[in-house]
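Numbering-wise (the working numbering), the sequence shown opens with residue 1 and increments by one.
Ideal placement from N, C-alpha and C gives every residue a C-beta, glycine not left out.
Heads up, the thing below is written out as structure tokens.
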Amino acid sequence: MIKFLYGYVCLVVLCGLWSCAKEASSVNTFNPESEAQLIVSDSVDLSHCGILESEFVAVCDSGLVVNALDGQSLVYVLNSDGQVSESFGTEGRGPAEFLEISGLEIWHDRQNVWLGISDARRGQYVKRVLGGSARPQVVYTEDMDWDAMVRLANGMFVCAAIADSSRFYLLDSMARVLGKTDNFPPKPDGIPLISHSMACTGVLAAAPDCSMFASSVVYDGGIDVCEVRKGEIVPLWRFSQFDMDYDILPEYHNVPAPNQNSRQGYMALSFSDNYLYALYSGHKMLDEDSEMCDEVHVFDYEGRHCKRYRLDRKIYALTVDRSDNRLVGLTRDADGNVRLLVFAL
1 MIKFLYGYVC LVVLCGLWSC AKEASSVNTF NPESEAQLIV SDSVDLSHCG ILESEFVAVC
61 DSGLVVNALD GQSLVYVLNS DGQVSESFGT EGRGPAEFLE ISGLEIWHDR QNVWLGISDA
121 RRGQYVKRVL GGSARPQVVY TEDMDWDAMV RLANGMFVCA AIADSSRFYL LDSMARVLGK
181 TDNFPPKPDG IPLISHSMAC TGVLAAAPDC SMFASSVVYD GGIDVCEVRK GEIVPLWRFS
241 QFDMDYDILP EYHNVPAPNQ NSRQGYMALS FSDNYLYALY SGHKMLDEDS EMCDEVHVFD
301 YEGRHCKRYR LDRKIYALTV DRSDNRLVGL TRDADGNVRL LVFAL
């Protein structure tokens, strides 16, 4: 029995410049008395559901959902006992099919709980009512390459662009461009701008009830938090542990690649109603077993560091419920199986 999962957990499996704007404040200090340990309260072996690889996880108050890379379907709905109750999503180019699931999120309106699934390769965002029978709604982006997309509480979208002079694009509810911004993390010396823009790929997370969102990218030890005001993306604050460090491969058109000093940084982000939770690793990318870690940083919406959790198990993805009652993570056990871990906050 999953004692603390009184809701859906959504997890998705992968199928496939410049310094920050001057408006953003910079914070990089911890509260030295803020550290606490979290112990696993429950876990589920997802291999029993046919799920051998997974990437993202999300949670809400009304049930449980999972996605698998090598299953017959791409998204699986689980009940609170960890049993599959529904599955949907196939690979392809048809309606509501996916080429590569690149993120998911859950939000509420007055009637329903919605699951949003982004597909960067197809340039689409699919909205589906959890537990409902209505057809999914699909929004397509045009002439834009991106690796992450989130829906804001006001119905707008934010995309994190790839190999573009702008880092973020603001889109309306039909994915039409409203604005953009170029507040990239600081660029290492000697790196071409186009290479830096290619290196700035990572994760996005949106706050549940406001127009705030957070981003982290590979090679970087920072989190950038922005807000949409009057149709513009406004940087709010940046928390930085270390600056970006990577090499480029001239023989492959200067694409970025990790070097001996490249570190993981912030690997996953999740908002509750009050805080931003961030999974952090200071491990070097080329070290063995560096893809999992046990450190979670918690910030309030103003950028103040509030808590640093040490988990008793290492994870590689996380989410929290809106009321800060539980943290859910993904890990791999000694046999290589993916497990869903629940921590009571």
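- For Tyr246, the secondary structure class from DSSP, reduced to helix, strand or coil, is coil.
- Secondary structure note for Ala175: it is in no beta strand (DSSP E), with a DSSP letter that is neither H nor E.
- Note that the region 262 to 269 touches the region 284 to 296; at least 3 beta-carbon pairs, one per stretch, sit closer than 8 Å.
- Exclusion of the five residues before and after Val84 leaves Cys49, Tyr76, Leu78 as the residues of its chain whose Cβ lies within less than 6 Å of its Cβ.
- The beta carbons of Tyr316 and Glu291 sit about 5 Å from each other, so the pair counts as a contact at 8 Å.
- Beta-carbon to beta-carbon, Ile248 and Ile191 are separated by about 6 Å, close enough to satisfy the 8 Å threshold.
- Ile117 carries a strand assignment under DSSP once its states are collapsed to helix, strand and coil.
- Annotation: Met156 is outside any alpha helix (DSSP H) and is labelled neither H nor E by DSSP.
- The beta carbon of Ala207 lies closer than 6 Å to those of Phe271 in the same chain, with the five residues before and after it left out.
- In its chain, beyond the 5 residues on either side, Ile162 have a beta carbon closer than 6 Å to the beta carbon of Asp145.
- The residue from Asp324, Phe98, His297, Leu341 with its alpha-carbon nearest to that of Lys314 is Leu341.
- When Gln111, Asp189, Pro258 are compared, the shortest CA-CA separation from Tyr246 is found for Pro258.
- Comparing C-alpha distances from Gly89 to each of Ser47, Pro136, Arg176 shows the shortest one belongs to Pro136.
- Closest in alpha carbon position to Asn337, among Ile51, Val40, Ala36, Ser34, is Ile51.
- About 19 Å separates the beta carbons of Val217 and Glu227, which is beyond the 8 Å limit, so they are not a contact pair.
- Check the Cα spacing between Tyr275 and each of Glu251, Thr319, Arg310, Gly329: the tightest is with Thr319.
- Here the alpha carbons of Tyr219 and Pro250 stand approximately 18 Å from one another.
- The beta carbon of Phe168 lies closer than 8 Å to those of Val158, Cys159, Ala160, Ala161, Lys180, Thr181, Asn183, Ser215, Cys226, Ile233 in the same chain, with the five residues before and after it left out.
- For the options Leu345, Leu327, Arg322, Lys307, the alpha carbon positioned closest to that of Glu35 is the one of Lys307.
- Looking at the DSSP output, Glu227 shares a beta bridge with Met212, Val234.
- For His253, no beta strand (DSSP E) segment is defined, and its DSSP state is neither H nor E.
- Between the beta-carbon of Leu327 and that of Leu38 there is about 7 Å, and that keeps the pair under the 8 Å contact cut.
- In terms of Cα proximity to Leu99, the closest of Val113, Asp119, Leu115, Glu86 is Asp119.
- Residue pairing by DSSP puts His108 in a beta bridge opposite Val113.
- Between Gly221 and Arg238, the C-beta gap is not smaller than 8 Å, which leaves the two residues out of contact.
- Residue range 305 to 315 is occupied by the beta strand (DSSP E) that includes His305, with no alpha helix (DSSP H) assigned at that position.
- Contact check for Ser211 against Leu269 fails: the beta carbons are separated by 8 Å or more.
- In terms of CA proximity to Arg121, Gly103 leads the group Leu204, Ala134, Phe56, Gly103.
- DSSP, reduced to helix, strand and coil, places Met198 within a helical segment of the structure shown.
- Rounded to whole angstroms, the gap between the alpha carbons of Lys127 and Asp289 is 35 Å.
- In this structure Leu204 is in contact with Ala148, their Cβ atoms being roughly 4 Å apart against a cut-off of 8 Å.
- Around the C-beta of Leu193, fewer than 16 other C-beta atoms lie within 10 Å, and the residue is accordingly described as exposed.
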